[in-house]
Amino acid sequence: MMSDYADLTALADALIDGRRLTREDDLSFLIDCPLDGLCREADRLRAHFIGDTVELCSIINGRSGRCSEDCRYCAQSSHYHTDCKTYAFLDEDTIVAEARANQKEHVGRFSIVTSGRALSGDEFNRALSAYRRMHEELSIELCASHGFLTEEQFRKLKAAGVTRYHDNIETSRRFFPEICTTHTFDQKLETIRAAKRAGLEVCSGGIIGLGETFEDRIDMALTLAELEIRSIPINVLMAIPGTPLEAMPPLSEDEILRTFALFRFIVPEAHIRLAGGRRLMEKDGIRAFCSGASAALTGNMLTTCGATIRSDMAMLAAMGRDTTPHYR
Numbered sequence: 000m001m002s003d004y005a006d007l008t009a010l011a012d013a014l015i016d017g018r019r020l021t022r023e024d025d026l027s028f029l030i031d032c033p034l035d036g037l038c039r040e041a042d043r044l045r046a047h048f049i050g051d052t053v054e055l056c057s058i059i060n061g062r063s064g065r066c067s068e069d070c071r072y073c074a075q076s077s078h079y080h081t082d083c084k085t086y087a088f089l090d091e092d093t094i095v096a097e098a099r100a101n102q103k104e105h106v107g108r109f110s111i112v113t114s115g116r117a118l119s120g121d122e123f124n125r126a127l128s129a130y131r132r133m134h135e136e137l138s139i140e141l142c143a144s145h146g147f148l149t150e151e152q153f154r155k156l157k158a159a160g161v162t163r164y165h166d167n168i169e170t171s172r173r174f175f176p177e178i179c180t181t182h183t184f185d186q187k188l189e190t191i192r193a194a195k196r197a198g199l200e201v202c203s204g205g206i207i208g209l210g211e212t213f214e215d216r217i218d219m220a221l222t223l224a225e226l227e228i229r230s231i232p233i234n235v236l237m238a239i240p241g242t243p244l245e246a247m248p249p250l251s252e253d254e255i256l257r258t259f260a261l262f263r264f265i266v267p268e269a270h271i272r273l274a275g276g277r278r279l280m281e282k283d284g285i286r287a288f289c290s291g292a293s294a295a296l297t298g299n300m301l302t303t304c305g306a307t308i309r310s311d312m313a314m315l316a317a318m319g320r321d322t323t324p325h326y327r
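If you want it as C-alpha cells, here you go:
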C-alpha cells in the first residue's frame, strides 16, 4: 500500500514511463494516502500528459424536463416534483446565437444537451439542422448530448459537424442500480461504443456525492480508462429539492479534490473536467486545477452557476494556464 509522498512520487514516475493502474492493482492507497501529496503528484501528471492547456466547454439546454428516466439526482425527471423549467426543443436561431456568443468569448467547445431517453423524429432533425448551421457559420468545436441514440444517428451527427458525444456512465456498475432503474449500466456502455464506432470522440464521466463509496469512484475511473475515454467530466451533486437525493449532505472540498486526483492517477492522459457543483468549492474550484483537473464546463448554466467564462479565464490565466481554443 502506498503510504507516503515518496511512494506517490515513484508511482507518478512509473505512470509517466508508461505504467497504468488496473483492476489487478490494490488501489486502496488512493483513499487513505496523504491528500497534499496525492494532489501534488496528480498535478505533476496533469502537467506531463496535458500541459498547461485547459479545455473550456459550454452547453445549452436544448430541451428541458419531462424526462422518462428516473435518475434520482435529476430535476428534469418526470418522476419527481421540482421547479425545473420544461420546454420543447429550442429554435435554431437561439441555439446558434448562444454558440456564436461562446465562440466570441473564446470557449473551445459547445454542446446542445437535451432531456429525455433519446432525441428522435423531428426534434433530432432540428438538432441536425442546428449543428450543420453552426458547423458552416462558426469555428467552435461541436459536441452533442441526446441520450440513447443509434449508431446511424451518431453517423448523422458526425456528418453534421459534431466531433464529440457526451454520455456519462454516472457511477460504478455496482452502484448504478441505486440511482437509476429505467435504464442499465450496460446500455450506457453500448451507447458509448456505438458513438465511437461512428467515429465520434466520447466525453463520459459521472457524479460524485450520490451516496457511493470511494471504491465506487475508483471503479468508475477504471471503467472509463478501459473505454479509453479522453474527456471525463466530474460533477459534484448539488442536492435538488423534490428529488430522492434532496437530503444528501454535500461533499467536503477535500473529498472532491481526492476524487479529481485519483482520476488523474487512473486515467492520466484524459482531460479531467470540473463540471457541475463548483459552488461547493472555494473560488470556483481553483484547487481542483492543482489536483489533476485540466478542463472545465464554463458559463452560467445548470449547476455551473457562479462562475462565468470571463472569471474562469481570468482565474486560469493567473495560474499560468492557457485557455486558447484549438478551432478547426
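Each residue of the sequence shown is one higher than the one before, counting from 0 in numbering that gives the first Met the number 0. Glycine included, each C-beta is placed from N, C-alpha and C at the ideal position. In this text, all values refer to a predicted model and were calculated from it rather than measured experimentally.
Between the beta-carbon of R62 and that of Y86 there is about 7 angstroms, and that keeps the pair under the 8 angstroms contact cut.
Every unbroken stretch of the alpha helix (DSSP H) spanning 4 or more residues and falling wholly within the region 84-165 is given here in chain order: 91-103, 120-136 and 150-158.
Here H270 carries a strand assignment [DSSP, helix/strand/coil]. In the three-state DSSP reduction, P33 falls in the coil class, being neither helix nor strand.
Per DSSP, L244 lies in no beta strand (DSSP E) and is assigned neither H nor E. If you look at P176, you'll find it isn't in any beta strand (DSSP E); it sits in the alpha helix (DSSP H) that goes F175 to I178.
Contact check for L7 against L37 passes: the beta carbons are separated by less than 8 angstroms.
For the pair L137 and P324, the Cα-to-Cα distance works out to about 13 angstroms. When only Cα atoms are considered, Y164 and I139 end up about 15 angstroms apart. About 13 angstroms separates the Cβ atoms of D69 and H80, ruling out a contact at the 8 angstroms cut-off. DSSP, reduced to helix, strand and coil, places E189 within a helical segment of the structure shown.
In this structure, the beta-carbon distance from G115 to G146 falls below 8 angstroms. At a Cβ-Cβ threshold of 8 angstroms, F264 and A292 do not count as neighbours. Taking a C-beta distance under 8 angstroms as the contact criterion, V112 and N167 do not qualify as a contact pair.
Taking a 10 Å sphere around the C-beta of D283, we find 16 or more other C-beta atoms and assign the residue as buried. R62 carries a strand assignment under DSSP once its states are collapsed to helix, strand and coil. Closest in C-alpha terms to L89, from the list A238, E97 and T307, comes E97. In the DSSP assignment, A224 falls within the alpha helix (DSSP H) that extends over F213 to E225. Contact between the region 219-228 and the region 242-252 is not established, with fewer than three Cβ pairs separated by less than 8 angstroms. When C-alpha distances from D31 are compared across R108, M237, R173 and T212, the shortest belongs to T212.
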